[in-house]
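Student: Sharing a structure, written as structure tokens. Questions coming.
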Amino acid sequence: MDEIRFIDLEVNPAAKNMAIDEAIMLAMRDGAAPPTFRIYRWKPSAVSIGTFQGMTEEVDVDFCRAHGIDVVRRMTGGGAVYHDFEGEITYSILLPQGHRLVPSDILKSYEILCAGIVAALGHLGIDAQFSPVNDIVAGGKKISGNAQTRRHGIVLQHGTTLLDLDVEKMFSVLKVSKEKVSDKMIRDVKQRVTSIRDALGRHVEMSELRDALVQGFSEALDISLVPGRLSSEENKVAEDLARTKYSSTEWNFAR
Amino acid sequence: MYHGEYKVPGGKLIKVSFSLSEGVIESIRFTGDFFLHPETALSELEEHLVGEVVDETALSERIASFFDDGGVQAIGCSANDFAHVVVLAVQHAP
């Protein structure tokens, strides 16, 4: 069974979370880090946008600044995600290209890696399915979004799993004209998006989701998660990238 | 400036903003929630389209050969979808 370094649930600002992914990728490229799985939360709550999205097109940046919500551009494509500190856990998995879990067919590799989330939700009692290209749905509603990039011979996939959903907050953060945030629109979103607590109709602790993700990824991917930590070099690179790239206007507002 | 949006059926959203000079693209920028591998391909594509006329077939072929030549994989969208959103922007211009 493949051994994968496991960096357990941490809490970081947005820039640091994105910088850690890139730092691990660079260390793996240099042969200085093993394949890695990490889970993390965002504090303060943050919105991340896809690498090709327009920041001001997607995000109400003034609202975010006024409410202490971080904004960051990811290195992966895909859409804007609101990462509520109390409402979700994000994972990242980094594997070398050619690893059995990341075939050259990108669509296939999404399905293989997303099986970890599907299994995690299964452990919580939620019947979920992979929904191509990059989503996981429960009862026909999106509960997890995922995004992948391949650089330097490394595949990075990260994604969010919703524990709770605050539609009003989501609309305040993402750019939808305030007039449009009508009751109807909120109902429409609730018909398209769900969360673990919605799906189960009960309170679910953050720790239950953490445990389910660890178990789900281990089983579905047939990997052994070995507790580990970032090397001092990875930490240094992550701190540099957080400061010089993922906190910069040049990167975050590049589009 | 021309602005267009196109939601690919069953796929992603592509937005475009561009300017024309004497009938050809002067500068162009795509945004959206699509995936391109490698990601560096998008700004290269934008440079590649400067000087092109807005014709869906010609643009589509130009973009498809750019993707082929660079081994670019588009997910949730196709070369033709990028051409289509440009043409839509001109058609819907006020």
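Line by line, the protein sequences give chains Z and C.
Here the first sequence stands for residues 1 to 255, numbered as in my numbering.
Here the second sequence stands for residues 1001 to 1094, numbered as in my numbering.
Don't be surprised by glycine CBs; every beta carbon is placed ideally from N, CA and C.
Please list the partners that residue 1067 of chain C has in chain Z, where partner means a Cβ-to-Cβ separation under 9 Å.
Tutor: Result: empty, since nearest Cβ-Cβ is about 14 Å, beyond 9 Å.
Student: If we define contact as Cβ-Cβ less than 7 Å, is residue 51 of chain Z a contact residue for chain C?
Tutor: yes
Student: With 7 Å as the threshold, decide whether the Cβ of residue 150 of chain Z is near any Cβ in chain C.
Tutor: yes
Student: Would you mind telling me which residues of chain Z sit closer than 9 Å to residue 1049 of chain C, beta carbon to beta carbon, in chain order?
Tutor: Under a criterion of Cβ atoms nearer than 9 Å, no residue of chain Z is adjacent to residue 1049 of chain C; the nearest Cβ is some 15 Å distant.
Student: Determine, for residue 1003 of chain C, whether the minimum Cβ-Cβ distance to residues of chain Z falls below 7 Å.
Tutor: no
Student: Does DSSP put residue 190 of chain Z in a helix, a strand or coil?
Tutor: helix
Student: Helix, strand or coil for residue 1017 of chain C? Go by DSSP, reduced to three states.
Tutor: If DSSP states are grouped into helix, strand and coil, residue 1017 of chain C belongs with the strands.
Student: Alpha carbons only, please: which of Z:251, Z:147, Z:242 is nearest the one belonging to residue 131 of chain Z?
Tutor: When each option's Cα is compared against that of residue 131 of chain Z, the closest is Z:147.
Student: Ordered along the chain, which non-local residues of its own chain (more than five positions away) have a Cβ less than 7 Å from that of residue 77 of chain Z?
Tutor: 50, 51, 52, 147
Student: List, in order along the chain, the chain Z residues whose C-beta lies closer than 8 Å to that of residue 1036 of chain C?
Tutor: 52, 77
Student: With a threshold of 7 Å between beta-carbons, can residue 1033 of chain C be considered close to chain Z, or not?
Tutor: yes
Student: Chain C beta carbons: is any one of them nearer than 7 Å to that of residue 255 of chain Z?
Tutor: Contacts with chain C at 7 Å (Cβ-Cβ) include residue 255 of chain Z.
Student: Whole angstroms is fine: what's the gap from residue 150 of chain Z's alpha carbon to residue 1071 of chain C's?
Tutor: 13 Å
Student: Under 8 Å between beta-carbons, which chain Z residues line up against residue 1042 of chain C? List them in chain order, please.
Tutor: 52
Student: Who are the near neighbours of residue 1026 of chain C in its chain, counting only those whose CB is closer than 8 Å to its CB and skipping five residues on each side?
Tutor: 1018, 1019, 1020, 1050
Student: For a contact defined as C-beta to C-beta under 7 Å, what are the partners of residue 133 of chain Z on chain C?
Tutor: 1075, 1076
Student: According to the neighbour-count rule (16 or more other Cβ atoms, all chains shown, within 10 Å of its Cβ), is residue 83 of chain Z buried or exposed?
Tutor: buried
Student: At the level of alpha carbons, what is the spacing between residue 32 of chain Z and residue 248 of chain Z?
Tutor: 27 Å
Student: Please go through the segment 1019-1086 of chain C and give each complete beta strand (DSSP E) segment of 3 or more residues, from N-terminal end onward.
Tutor: Counting only runs of 3 or more, we get 1024-1032, 1035-1037, 1073-1075.
Student: Is the CB-CB distance between residue 90 of chain Z and residue 194 of chain Z below 7 Å?
Tutor: no
Student: Would you give the residue range spanned by the beta strand (DSSP E) that residue 144 of chain Z belongs to?
Tutor: 141-151
Student: Who are the near neighbours of residue 126 of chain Z in its chain, counting only those whose CB is closer than 7 Å to its CB and skipping five residues on each side?
Tutor: Taken in chain order, the residues that qualify are 138, 196, 199, 200.
Student: Who are the neighbours of residue 1018 of chain C on chain Z, taking C-beta pairs under 8 Å?
Tutor: None at all; the shortest Cβ gap to chain Z is about 14 Å.
Student: Would residue 1046 of chain C pass as an interface residue toward chain Z - the criterion being a Cβ-Cβ separation below 7 Å?
Tutor: no
Student: Assuming residue 42 of chain Z and residue 85 of chain Z form a contact by the criterion Cβ under 8 Å, report the distance between their Cβ atoms to the nearest whole angstrom.
Tutor: 6 Å
Student: Looking only at DSSP bridge pairs, what is residue 97 of chain Z linked to?
Tutor: Paired residue(s): none; residue 97 of chain Z is not in a bridge.
Student: Hey, is residue 1061 of chain C's beta-carbon within less than 7 Å of any beta-carbon in chain Z?
Tutor: no
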